[in-house]
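Residue numbers (the numbering used here), protein chains in the order written: chain D, -4 to 207; chain Z, -4 to 207. Reviewing the structure listed below.
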DNA sequence: AAAGGTTTCAGGGTTTTTCCTGATGAAATT
DNA sequence: AATTTCATCAGGAAAAACCCTGAAACCTTT
């Protein structure tokens, strides 16, 4: 029987998902963990490798993307089925690069989860029309906004710009003159192709460069 | 057998929770819904009143608090067991005012859920020191500022202010003069106790009033 | 009809942000 | 040694954001 493991920070979700999947009869849940570190610990034991890993993206500590990256580097033969609440474009792309075999939103039904599991066992992958469309768009114009390369000082300013501090306050914090802060600000606007501070915050957030 | 209903916007969580609770044998799940409006619709049918309602706080449209408030006003004899994620905060106190019979974080285990359900049936409530302490710590940690009460037009402006639009553009979108937008902006700053637009965005976000 | 609240708006003032054209010295590269 | 790159800064000007004092028009409620 195909084995399944679950990594999600909400214990009650893990537990109930385990109950649901075991009720499918065609699958057996062999372990569940609540964060990325624990997942990696389990995956290091050869005897505990599942056929499919249900992997939540948003977890404290090491998140799903980091786990997927680690597994990719280790070249583990485990099919990852990513689970996420938000429909975050960027994480989809990142996960794909690490060979994730399917991508589910938490708004799916039990039936669709079962289909996904069956499909992964049978065909090795599962992509909903929605994700497939995103992939299509990605390949179509694969210049879907690269994440700008930032120098240290710019990264630092970016963080401060995503608080309610004025530029005067930021200049003090960074031990710079206001002019310098202004130059860096202009460069950030240019690099991110935005027209004001809010736009910068929104785009940096969507690219995962800041945490709100 | 005591009956249970579930309201949570994540379908897969509803489905798996249903599977888990049915597996407890002592309870029967009679319906699940994905948002507050649906919950109220179901609760209006006397024949479908559950003994216990597992109610998620964060839902699109009508959230758990609004449902609890409605039920309180209707004086429904349904025990509410609130469910919440760690990151949705100061709503706890509001829920308590509406006579919620128990409060669980989503980090609890299946076993604790079962205990909670049994306790509510037997004693009418479930507040373990463990959970109470967890919630207490949790509230203490967060800045438990009350969520401001906003009028419709203010809510609308808040959404626009969390985009990169200028006030001129926003005024056009809302069919208002720039002065009016400016007045509303001032009131929002006052209500949220912030000093600029970024601060507003950050606080509104932390209170779950906007989605980035 | 009076009172009170809500929604909308004017005008003018101050501060901050945004945009621009530069420039200096230090460090790295050629 | 000359060139390029980098981090830093000046000063001015336009635009936008922010703050303040009202007030008209339109609701409801008394």
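Glycine included, each C-beta is placed from N, C-alpha and C at the ideal position.
{"query": "What separation, rounded to the nearest whole angstrom, lies between the Cα atoms of residue -2 of chain D and residue 141 of chain D?", "result": "38 Å"}
{"query": "From the DSSP output, which residues share a beta bridge with residue 74 of chain Z?", "result": "Z/47"}
{"query": "Thinking residue 204 of chain D and residue 153 of chain D are a contact (beta carbons under 8 Å), I'd like their distance in whole angstroms, please.", "result": "7 Å"}
{"query": "So the beta strand (DSSP E) residue 97 of chain Z belongs to, where does it begin and stop?", "result": "97 to 100"}
{"query": "Do you know whose CA, among Z/79, Z/107, Z/180, Z/109, lies nearest residue 100 of chain Z's CA?", "result": "Z/79"}
{"query": "Taking the alpha-carbon of residue 183 of chain D as reference, which of D/150, D/206, D/202, D/174 has the nearest alpha-carbon?", "result": "D/150"}
{"query": "According to DSSP, is residue 162 of chain Z helix, strand or coil?", "result": "helix"}
{"query": "Please report how far the alpha carbon of residue 172 of chain D lies from the alpha carbon of residue 190 of chain Z, in whole angstroms.", "result": "23 Å"}
{"query": "State the DSSP-derived secondary structure class of residue 185 of chain Z, mapped to helix, strand or coil.", "result": "helix"}
{"query": "Note down, in chain order, each residue of its chain lying with its Cβ closer than 6 Å to the Cβ of residue 57 of chain Z, except the 5 sequence neighbours on either side.", "result": "31, 32"}
{"query": "By Cβ distance below 7 Å, which residues in the same chain neighbour residue 143 of chain Z in space, the five residues on each side in sequence not counted?", "result": "186, 187"}
{"query": "If we count the other Cβ atoms within 10 Å of its Cβ and call it buried at 16 or more, is residue 10 of chain D buried or exposed?", "result": "buried"}
{"query": "Just how far apart, CA to CA, sit residue 50 of chain D and residue 34 of chain D?", "result": "9 Å"}
{"query": "Examine the ligand HEM and report whether any of its heavy atoms sits within less than 7 Å of the Cβ of residue 56 of chain Z.", "result": "The ligand HEM is not among the ligands present in this structure, which contains no ligands whatsoever."}
{"query": "Looking at chain Z, is there any beta carbon in it that lies within less than 8 Å of the beta carbon of residue 15 of chain D?", "result": "yes"}
{"query": "In chain order, what are the residue ranges of uninterrupted beta strand (DSSP E) at least 3 long that sit wholly in the region 4 to 40 of chain D?", "result": "23 to 28"}
{"query": "Could you check whether residue 95 of chain Z and residue 77 of chain Z sit closer than 8 Å to each other, using their CB atoms as the reference points?", "result": "yes"}
{"query": "What residues are listed by DSSP as bridge partners for residue -1 of chain Z?", "result": "Z/24, Z/47"}
{"query": "Output needed in chain order: residues of the region 14 to 48 of chain Z with a Cβ under 7 Å from some Cβ in chain D.", "result": "14, 15, 18"}
{"query": "Would residue 110 of chain Z pass as an interface residue toward chain D - the criterion being a Cβ-Cβ separation below 8 Å?", "result": "no"}
{"query": "Under 7 Å between beta-carbons, which chain Z residues line up against residue 194 of chain D? List them in chain order, please.", "result": "159"}
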